[in-house]
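J.: Chains as they are written, first to last, in my numbering: chain A, 39 to 287; chain B, 14 to 334.
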Amino acid sequence: MGDTFFEIIGLEKSFRGLKATNNVSLSIKKGEVCSIIGPNGAGKTTLFNLITGLIKPDAGKIYFMGKDITGHSPVDIVHAGIARSFQIVNNFPRFTVYDNIMIAALGYKKLAMKMFTPAKGIAKNEIMELIDRIGLAKEAHSLAGELSHGDQKRLEVGIALASHPSLLLLDEPTAGMSSDEKGGILETIKRVMKESDCTVFLCEHDMKVIFSVSDTIWVLHNGAVVTSGTVDEIRNNSLVKEIYLGEAE
Amino acid sequence: MDKIRNLQAGAREWVWYVIAFVILMIVPFSGSIFWTNLLTEILIMGLAAMSVNLLLGFGGSLPFGHAAFFASGAYATALLIKETNLPFVAVLIIAPVMAAVVGAILGIIITRLYEFYYAIVSAASCMVLWTLIRKVPIFGGDTGITGVEIPEILSSIDAMYIFTIIIVFIVLIFTKILLNSPFGWIQQAIRENPNRVTCTGSNVLRHRYIAFIISSFICGIAGMLFVLHTQSTFPSYAHWVKSGDFVMICILGGVNTFIGPMIGAAALIILQTYITSLTEHWLLFLGISICLLVIFMPSGIMGLAGHLPSKIQSLYRKIRS
Ligand SMILES: Nc1ncnc2c1ncn2[C@@H]1O[C@H](COP(=O)(O)OP(=O)(O)O)[C@@H](O)[C@H]1O
Ligand SMILES: [Mg+2]
């Protein structure tokens, strides 16, 4: 287990009797794009909430780079090197794009308690460079709440990247986007992966998106892992087709 | 949506503070004891309201118990002067620190709460302190503590006024620097979205706690100044109605601006003074005026001031066309 980059063993979480996470075990290799697919309500977001410490598991273990991080606080988990984006945009709507990223950068640098230097001077170039990478350079000084939905999803990724994660969790980064916007953000994600040496753990209910970026895919259904494999294996898996039959257009 | 942008100080804003400082320093030379006294009171109440606004407008909390810290600062000052031989400078430091200590104790519970619960528990803890102050003999019971002697140098109305301005401006500059620092930005980010702040690696609970202590310290300074100004202190300083006054002053002046509470204090105290002299039903009229102010200026006096230039512009355009 010491040499595995990221590993979950027997994770369990129930909400009032409903098993949202049912004995989930999975592992991720360093440098890969690992994905979870599953229809709405499969338990993808719950799994991400468990990994990032927002909710505590009922049972099971989470290991990251050889360390047991089960039940650690969200703050500690960020500093251990796991950052995330949210499915539903979750930014500081009345702050500019720059300020949104700045808040995350201050958190990463553990400067929240610094009281006597202007925040605006800190890591200026680094922040602008990141804004450029997520393709929001023109909007750097627009208010986050006034951006288009697609741009807010980009910002969502940017805020997560400002934490310099080794493992980046992306919760449905293309949710609610038009197909044009989807292509754009996927390009961005691929480029960021290459440039910043981070492993990506992605969850989506859109299979097209998953098939276009993933190395390994895990299929989640009713809170439990049903199967896993490469893109080709999953594409031809009859069980997966069955789960998605209701969703297919 | 563009409110947040104006919160950060530009060079131009500092110029306004220098001008305000100079104008305020000139007042005593006008020879009006009435205005000098009134302005001393406005500055002190404004300072207390600003300490509240640090948590209200900038932190997104509802601090309904800051009278506790105002009273802590006030009673500590009165007792230190009356019961000990400490040098005056030591009193100036210890009194606000006592308020901060009370803040550190009450804050343990209060800063864990949000919204309604935060408001109720802060108001309740303020009432506990009020009861203690009335029942524990050293605090002088219902009659409070009077005849607090201050050093010769501050005994004139003008001297006390100048002393108040200097202290208040030092604290204002400190607060302004604080709000522009990483600490201040994280504080405002917590108001916007505490959950996201947590997920970017800053400890929200610790942050709210430290901000609470800083705020009680500043409110303690206001309480201390008020005792030096009036040379007495009463249990009503710790009553939750006093806390309500601070919040009302903030809302009146505008919670989204740095200087709003100071403007709110000026508005309230001047209104109070004039309406009292006009009619004996002054509370009724004061209440109605405040209701009207809040209804027609939801973002406070400063909010209106911020919109004035654009309003005038659009009016000008209408006239021309
Ligand atoms: N905080 C919660 N309280 C109660 N039920 C929850 C909570 N979070 C998720 N659930 C339930 O857990 C199941 C999985 O939800 P979720 O993880 O959001 O699925 P997905 O992200 O795959 O769409 C759903 O049935 C949902 O209603
Ligand atoms: Mg989800």
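Note that beta-carbon positions come from the ideal geometry of N, C-alpha and C, so glycine has one too. For clarity, every value in this text was computed on a predicted model and none was experimentally measured.
For the segment 79 to 112 of chain A, which residues have a CB atom closer than 7 Å to at least one CB atom of chain B, in sequence order?
T.: Flagged, chain order: T90, P112.
J.: Suppose you measure from the CA of B/K16 to the CA of A/T254; what does that come to, to the nearest Å?
T.: Taking the first residue of the second sequence as position 1, residue 16 of chain B is located at position 3. Taking the first residue of the first sequence as position 1, residue 254 of chain A is located at position 216. Residue placement at B/K16 is poorly supported in this model, since its pLDDT is 45, which falls under 50; the coordinates still yield a value, given next. Roughly 46 Å separates the two Cα atoms.
J.: By alpha-carbon positions, which one of B/G266, B/S194, B/N193, B/T188 ends up nearest to B/F230?
T.: Position 217 of the second sequence, counting from 1, holds the residue named residue 230 of chain B. Comparing Cα-Cα distances from B/F230 to each of B/G266, B/S194, B/N193, B/T188, the minimum goes to B/T188.
J.: Going by the CB atoms, is the gap between A/H202 and A/G119 shorter than 9 Å?
T.: As a working mapping, residue 119 of chain A is identified with position 81 in the first sequence. As a working mapping, residue 202 of chain A is identified with position 164 in the first sequence. Cβ distance < 9 Å, so A/G119 and A/H202 count as in contact.
J.: Is any non-hydrogen atom of ligand 1 found closer than 8 Å to the C-beta of A/T90, if you look at the structure I gave you?
T.: The residue given as residue 90 of chain A occupies position 52 in the first sequence. Not so, every heavy atom of ligand 1 lies at least 8 Å from the Cβ.
J.: How would you call A/N129, buried or exposed, if buried means at least 16 neighbouring beta carbons within 10 angstroms?
T.: Taking the first sequence and counting its residues from 1, the one referred to as residue 129 of chain A is at position 91. A/N129 should be labelled buried.
J.: Would you list the one or two residues that DSSP bridges to B/E128?
T.: The count along the second sequence starts at 1 and reaches residue 128 of chain B at position 115. Per DSSP, none; premise fails for B/E128.
J.: Buried or exposed: B/F239, going by 16 or more other Cβ atoms within 10 Å of its Cβ?
T.: Sequence index remark: in the second sequence, residue 239 of chain B carries index 226 (1-based). That one is buried.
J.: To the nearest angstrom, how far is it from the Cα of A/I89 to the Cα of A/T108?
T.: Position 51 of the first sequence, counting from 1, holds the residue named residue 89 of chain A. Position 70 of the first sequence, counting from 1, holds the residue named residue 108 of chain A. When rounded, the distance between both Cα atoms is 8 Å.
J.: Bridge partners of A/C72, per DSSP?
T.: For the purposes of this step, residue 72 of chain A is taken as residue 34 along the first sequence, with counting starting at 1. Its beta-bridge partners are A/F239, A/T254.
J.: Flag this pair as yes or no: are the beta carbons of B/A132 and B/P274 separated by less than 9 Å?
T.: What you label residue 132 of chain B is simply residue 119 of the second sequence in a count that begins at 1. What you label residue 274 of chain B is simply residue 261 of the second sequence in a count that begins at 1. Contact: no.
J.: Any heavy atom of ligand 1 closer than 8 Å to the beta-carbon of A/F53?
T.: Locating residue 53 of chain A in the first sequence gives position 15, where the first residue counts as 1. The answer is yes for A/F53.
J.: My understanding is that B/L56 touches B/T177, with C-beta atoms under 8 Å, so please give their C-beta distance in whole angstroms.
T.: As a first step, residue 56 of chain B must be located in the second sequence, where it is residue number 43. As a first step, residue 177 of chain B must be located in the second sequence, where it is residue number 164. The Cβ separation is near 5 Å, so the contact holds.
J.: Kindly list, in the order they appear in chain A, the residues whose Cβ is closer than 7 Å to that of B/G214.
T.: Indexing the second sequence from 1 puts residue 214 of chain B at position 201. Those are V113, V116, H117, G145, Y146, S201, listed as they occur along chain A.
J.: Can you confirm whether B/F182, when its beta carbon is compared against all beta carbons of chain A, has any partner nearer than 9 Å?
T.: As a first step, residue 182 of chain B must be located in the second sequence, where it is residue number 169. B/F182 does not count as touching chain A.
J.: Please report how far the alpha carbon of B/A279 lies from the alpha carbon of B/G59, in whole angstroms.
T.: As a working mapping, residue 279 of chain B is identified with position 266 in the second sequence. As a working mapping, residue 59 of chain B is identified with position 46 in the second sequence. If I take the Cα positions, the gap works out to 8 Å.
J.: Cα-Cα, which of B/M315, B/L284, B/H220 is closest to B/S302?
T.: Position 289 of the second sequence, counted from the first residue, corresponds to residue 302 of chain B. Considering only alpha carbons, the answer is B/L284.
J.: So which residues on chain B does A/P156 lean against when the C-beta distance must stay under 7 Å?
T.: Numbered from its first residue, the first sequence carries residue 156 of chain A at position 118. Going along chain B in sequence order, the residues near A/P156 (Cβ under 7 Å) are N193, S194.
J.: Between the alpha carbons of A/K57 and A/L85, how many angstroms are there, rounded?
T.: Translated into positions along the first sequence, residue 57 of chain A becomes position 19. Translated into positions along the first sequence, residue 85 of chain A becomes position 47. Answer to the nearest angstrom: the Cα atoms are 12 Å apart.
J.: Can you tell me the Cα-Cα spacing of A/M39 and A/V71, whole angstroms?
T.: Locating residue 39 of chain A in the first sequence gives position 1, where the first residue counts as 1. Locating residue 71 of chain A in the first sequence gives position 33, where the first residue counts as 1. Since pLDDT at A/M39 reaches only 48, below the 50 mark, its modelled position is unreliable, and no value is offered.
J.: Should B/Y130 go down as buried or exposed, given a rule of 16 or more other Cβ atoms within 10 Å for buried?
T.: Along the second sequence, read from residue 1 onward, the residue named residue 130 of chain B stands at position 117. Classification for B/Y130: exposed.
J.: Quick one: give me the first and last residue of the alpha helix (DSSP H) that A/Y146 is part of.
T.: Locating residue 146 of chain A in the first sequence gives position 108, where the first residue counts as 1. Element bounds for A/Y146: 135 to 146.
J.: Would you kindly work out how many angstroms separate the C-alpha atoms of B/E293 and B/Y287, rounded to a whole number?
T.: As a position in the second sequence, residue 293 of chain B is number 280, starting the count at 1. As a position in the second sequence, residue 287 of chain B is number 274, starting the count at 1. Cα-Cα distance, rounded: 11 Å.
J.: Whole angstroms are fine: how far does the CA of B/L67 sit from the CA of B/I227?
T.: Here residue 227 of chain B refers to the residue found at position 214 of the second sequence. Here residue 67 of chain B refers to the residue found at position 54 of the second sequence. Computed Cα separation, rounded: 9 Å.
J.: Just grab the DSSP bridge partners of A/T59 for me.
T.: Start at 1 with the first residue of the first sequence, and residue 59 of chain A comes out as number 21. Its beta-bridge partners are A/K51.
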